[in-house]
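Q: According to the working numbering, the sequence shown is numbered sequentially starting from 415.
Note that the Cβ used here is the ideal one computed from N, Cα and C, for glycine as well.
Treat the numbers as computed from the prediction; the structure is a model and nothing was measured.
Pasting a structure below so you can have a look.
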Amino acid sequence: MIRQLYSTLYLVGSFIVFSFGILIFLKNRKNKVNFHCGIWYFTTFIWLFFYGLMLLSSNFNQAYFWAKVGYSGVVYVCCLGIFNFIISFLEIKSREIKILSFILGLFALYLLFSIWRNNAFIDGLYQYKFGFYPRAGMIHPIFLSLFFSLYLWMGYNLYTSFTSQTKIKELSPLDIYRRKYLFLVAIISSLASLDFLPNYGFKIYPLGFLITSITIYVTFYAITRYNLLDIKIVAARFIVFIVVYTLVLGLPFGLVAFEQNWLVSIFDKNWFWAPMISLFILATCGPFIFLYINKKIENRIKAEELHAHQLLKEAARGIILIHDLPKLFNLITHMSTKILKVTNAFVFCYDKNNDDFYLASIRYKSKYNYLERLNKDNPIIKTLLNSQTPLVYEEIKIKSQEKQNNQYQILLKEMQKLNSQIIIPTTVRGELFAFLGLDAKKSQRTYTSEDVSTLWALSFQVGLGIENILLYEREKQYLAERARRQALADMAPGASHQFNNRLATISAIVDNLAELTKDEFKEFSKEEILDTLSNQLPLLQEEIGKAKQITSVILQKSKVKFEFSKVDIVKVIENAINATKLRRAKESLEGIKEPQFIINASNDLPKLTICEGIIQDVCENMFNNGADATIIKQKRKLTSPDYQPTIKINVDKNDNYVIITIEDNGIGIEEENLKKIFTPYFTTKATAEKGITGGYGLGLWIIREFIEDHGGKLEVSSEYTKWTKFTIKLPINFKPPNK
């Protein structure tokens, strides 16, 4: 009965191996790794299947025949099967390897000849409790020496393939991890060599079928999946497999080995049905038990990874609240490196003006030599534009090996240049707008399909966030342009009044000068005429200068483009003061005093990189608000008789910022309103109060956005009925964002 059970285990194992071999071979027959792995599995099937028949046989001659067939499979597996698989997997193509392969082939043929023609290799059979087993011949030790030498060679090459600094530079982190994985498989499979001990008369049960089945299983997984499991998961599966199938196969075997008399006493002649039925039931339940326990253990091992995915999903919810592209991209790279524990992350974004992609954000640029721009001819960009799906380094590598396609080889090299293991595209309205690239994980773990799915889901959320930002930017530009047009319309009466005054003065001066040319002025001496000219011409020049100043302000207001340039901030403030005065020139305030402007500026102020039109609008809005505050204070009779409305502008700097303070001695802001001052559409002005001109429609909320777009800050403080002070901080070394 022991013989029957043991033979059953070999036969079951052989069919498992055969099934895996067929699957691997059919997956890609052109791939050398798949081909050699398939042949290895097939010859392993021959070994296990015919050993099963040998153990089942009660006839010596019949058992000896099955032993010879089975050992034919052993010869190929040990001499060529594993060897060919390893050299194809490691892509070893040296001349020495070809010679060694040829010698091993000849030696395998010699051993096969010895098996079938003489007793030099197999010299009869031993008969053990578990059945017949081959007896080692005189050349069998030579075979064993070669077998152990090949295993040492294989282990050495696998080990150095992921520890050698020269080879590491040529491999992706996942390649290194795969080789570590197969090194572990090699160590496990070497335990199958214990099956050679019964060949030399040691009465131990051969367990090679079990170890080989495990090895075949994990190798199958490694070959058929591009994304290998964590070593911890492999070890966990290995232990669970051993425990479950030791119970499944060991319980019936134990009943026969140790409780045969007890079974006979209960079931009499039909006692063997008890272990057979129990084997059938346990074999049926075994896979379900294995899957259940394995899932529990894997979930515990993957708890950190699952937690990271949850954090990414939670962080993605806040993306749509961001109104700035650089901030959004910096957040994505920061999240990726921190949550997924990635060595580096970057984002490339589409630049409409140059029709290419620029490096918008990167986490650790100092560690890598990244390109600043990628044009649309780049293989990565082309692939993303066509597929709009994630690019996974290992998937592309497998495709390049399977299809021998040069396109995939080029794509691999480009991903290596960017130090990226995975690239996730982000589309906006069906068009590629940006893509996120991630380097290897710090733990050297692989990117799982769950990682890819989570990151791709994140990219859709990022796409929505980008659409939100673009809409927000368009709205801001629309509001700014509308405010500028309104400002021009509001300024027109004052500007035309002032300009007409200048023209009237110029006309009067020209008339006076024209009079000097008439006959009645001939009695004047040349000195008297020159004296008159010297008095009139400077006045004429002054009025022309004032007219030019008015037209300059109007032209400045007509600018609509958001262009950054190096600008003298004091001149911008002076232009804003002049524009404010022009705008308010025709206001009838019934004796109410208009404020005087006092500006103090440091002498060593640097030029700032700003959008001149936007910052001038900001200053005008501030000045206009300050002027309105002084008027409201006078109208509400909260001033003394000697009250002089004043707006003081102070411009200074520190190490990082130019600081502009705008302080008026107007009505001030109540404490409860001070907290709401930057709320959209909030105002403290009473529109019914006569003489209050109102703002440009920009509002302090969008003014603050404009300041922040320049990398600056806007602060406010006030004491009601006394004063209000706004502080604008603009960075000295501001770098405009790429739009």
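(1) Could you have a look at residue 645 and say whether DSSP puts it in helix, strand or coil?
(2) Where does residue 786 sit, in a helix, a strand or coil, going by DSSP?
(3) With a threshold of 16 other CB atoms inside 10 Å of the CB of residue 685, please say whether the residue is buried or exposed.
(4) Three-state secondary structure (DSSP) at residue 547?
(5) Can you tell me where the alpha helix (DSSP H) with residue 486 in it begins and where it stops?
(6) Using CA coordinates, which residue listed in 533, 785, 1058 and 813 is at the minimum distance from residue 833?
(7) Are residue 736 and residue 745 touching if we call contact CB-CB under 8 Å?
(8) Mark residue 468 as exposed unless 16 or more other C-beta atoms lie within 10 angstroms of its C-beta, in which case mark it buried.
(9) Return helix, strand or coil for residue 1020, following the three-state DSSP convention.
(10) Note down, in chain order, each residue of its chain lying with its Cβ closer than 7 Å to the Cβ of residue 625, except the 5 sequence neighbours on either side.
(11) Output the boundary residues of the alpha helix (DSSP H) element that contains residue 831.
(12) Going by C-alpha to C-alpha distance, which of 492, 566 and 433 sits closest to residue 518?
(13) What are the boundary residues of the beta strand (DSSP E) that includes residue 772?
(14) Output the residue ranges of the alpha helix (DSSP H) runs that lie fully inside the region 1012-1098 and measure 4 residues or longer, sorted by chain position.
(15) First and last residue of the beta strand (DSSP E) that includes residue 1144?
(16) Considering only residues of the region 530-575, which uninterrupted alpha helix (DSSP H) runs meet the minimum length of 4 residues and lie entirely inside it, listed in chain order?
(17) Evaluate contact between the region 498-511 and the region 450-461, counting only Cβ atoms and requiring at least three cross-stretch pairs below 8 Å.
(18) For residue 787, does the count of other Cβ atoms within 10 angstroms reach 16, so buried, or fall short, so exposed?
(19) For residue 1009 and residue 1079, what's the separation of their Cα atoms in angstroms?
(20) Just to confirm the assignment, what range does the alpha helix (DSSP H) spanning residue 796 have?
(21) Which residues mark the beginning and the end of the alpha helix (DSSP H) in which residue 836 is found?
(22) Buried or exposed, going by whether 16 or more other CB atoms sit within 10 Å of the CB of residue 951?
(23) Between the alpha carbons of residue 696 and residue 466, how many angstroms are there, rounded?
(24) Can you tell me whether residue 865 is helix, strand or coil according to DSSP?
(25) Rank 771, 691 and 456 by C-alpha distance to the C-alpha of residue 848 and give the top, closest one.
(26) Return the bridge partner residues of residue 765 from the DSSP annotation.
(27) Which whole-angstrom value is the C-beta distance of residue 1046 and residue 1076, which I expect to be below 8 Å?
(28) Beta strand (DSSP E) containing residue 1128: first to last residue?
(29) Thinking just about the alpha-carbon of each residue, which of 1034, 881, 1148 and 528 is nearest to the one in residue 981?
(30) Assuming residue 410 contacts residue 805 (C-beta within less than 8 Å), just tell me the rounded distance between them.
(31) Which one of 529, 702 and 594 has the shortest CA to CA distance from residue 483?
(32) Residues bridged to residue 849 by DSSP?
(33) Just verifying my parser: in three-state terms, what is the DSSP assignment at residue 471?
(34) Count the other CB atoms within 10 Å of the CB of residue 552; is the residue buried (16 or more) or exposed (fewer)?
(35) Based on the DSSP output, what are the partners of residue 979 in its beta bridges?
(36) State whether the region 610-627 contacts the region 539-550, with contact taken as three or more CB pairs (one from each stretch) at a distance under 8 Å.
A: So, from the listed chains and residues:
(1) Taking the sequence shown and counting its residues from 1, one reaches residue 645 at position 231. Residue confidence is low: residue 645 scores 43 on pLDDT, short of 50, so the model does not pin down where it sits. Its coordinate-derived value is still stated next. Looking at residue 645 - three-state DSSP - the assignment turns out to be helix.
(2) As a first step, residue 786 must be located in the sequence shown, where it is residue number 372. Residue 786 falls in the coil class under three-state DSSP.
(3) Numbered from its first residue, the sequence shown carries residue 685 at position 271. Buried, by the Cβ-count rule.
(4) Within the sequence shown, numbered from 1, the residue matching residue 547 stands at position 133. Looking at residue 547 - three-state DSSP - the assignment turns out to be strand.
(5) In the sequence shown, residue 486 corresponds to position 72, counting from 1. Counting along the chain, the alpha helix (DSSP H) containing residue 486 begins and ends at 474-490.
(6) Reading the sequence shown from its first residue, position 419 is the one you call residue 833. The shortest C-alpha separation from residue 833 is found at 785.
(7) Your numbering for residue 736 matches position 322 in the sequence shown. Your numbering for residue 745 matches position 331 in the sequence shown. Yes, Cβ-Cβ distance for residue 736 and residue 745 is below 8 Å.
(8) One-based indexing of the sequence shown puts residue 468 at position 54. That one is buried.
(9) The residue labelled residue 1020 in the question sits at position 606 within the sequence shown. Residue 1020 falls in the coil class under three-state DSSP.
(10) Your numbering for residue 625 matches position 211 in the sequence shown. Excluding residues within five positions, the ones whose Cβ falls inside 7 Å are 602, 603, 605 and 606.
(11) As a working note, residue 831 is residue 417 in the sequence shown. Looking at the DSSP string, the run of the alpha helix (DSSP H) that includes residue 831 is 820-831.
(12) To locate residue 518, count along the sequence shown from 1; it is residue 104. Among 492, 566 and 433, the Cα nearest to that of residue 518 belongs to 492.
(13) Within the sequence shown, residue 772 is the residue found at index 358, counting from 1. Its beta strand (DSSP E) spans residues 770-776.
(14) 1026-1049 and 1085-1088
(15) By one-based count along the sequence shown, residue 1144 stands at place 730. Looking at the DSSP string, the run of the beta strand (DSSP E) that includes residue 1144 is 1137-1145.
(16) 554-575
(17) yes
(18) Walking along the sequence shown from the start, residue 787 turns up at place 373. Per the 10 Å Cβ criterion, exposed.
(19) Counting from 1 along the sequence shown, the entry for residue 1009 is found at position 595. Counting from 1 along the sequence shown, the entry for residue 1079 is found at position 665. Straight-line Cα distance between these residues: approximately 9 Å.
(20) Locating residue 796 in the sequence shown gives position 382, where the first residue counts as 1. Segment 793-801, the alpha helix (DSSP H) holding residue 796.
(21) Here the question's residue 836 lines up with position 422 in the sequence shown. That residue, residue 836, is in no alpha helix (DSSP H); its beta strand (DSSP E) goes 836-842.
(22) Translated into the one-based positions of the sequence shown, residue 951 becomes position 537. So residue 951 counts as exposed.
(23) In the sequence shown, the residue the question calls residue 696 occupies position 282. In the sequence shown, the residue the question calls residue 466 occupies position 52. Cα to Cα, the separation comes out at about 20 Å.
(24) Walking along the sequence shown from the start, residue 865 turns up at place 451. The answer is helix: DSSP assigns residue 865 an H, G or I state.
(25) Mapped onto the sequence shown, residue 848 falls at position 434. The shortest Cα separation from residue 848 among 771, 691 and 456 belongs to 771.
(26) Locating residue 765 in the sequence shown gives position 351, where the first residue counts as 1. Beta-bridge pairing links residue 765 to 770.
(27) The sequence position of residue 1046 within the sequence shown is 632, counting from 1. The sequence position of residue 1076 within the sequence shown is 662, counting from 1. Actually they do not touch by this definition, with Cβ atoms about 17 Å apart.
(28) Your numbering for residue 1128 matches position 714 in the sequence shown. Here the beta strand (DSSP E) through residue 1128 covers 1127-1133.
(29) Working through the sequence shown from its first residue, we reach residue 981 at position 567. The shortest C-alpha separation from residue 981 is found at 1148.
(30) Beyond the ends of the chain as shown, which are 415 and 1153, falls residue 410; an answer cannot be given.
(31) Taking the sequence shown and counting its residues from 1, one reaches residue 483 at position 69. Of the listed residues, the one whose Cα sits closest to residue 483 is 529.
(32) Numbered from its first residue, the sequence shown carries residue 849 at position 435. DSSP, once it has assigned bridges, lists 762 and 839 as partnering residue 849.
(33) As a first step, residue 471 is located in the sequence shown; it is residue number 57 there, counting from the start. In the structure shown, residue 471 sits in coil (DSSP, three-state: anything other than H, G, I, E or B).
(34) Here the question's residue 552 lines up with position 138 in the sequence shown. Exposed, since its Cβ has fewer than 16 Cβ neighbours within 10 Å.
(35) Locating residue 979 in the sequence shown gives position 565, counting from the first residue. According to DSSP, residue 979 bridges with 1024.
(36) yes
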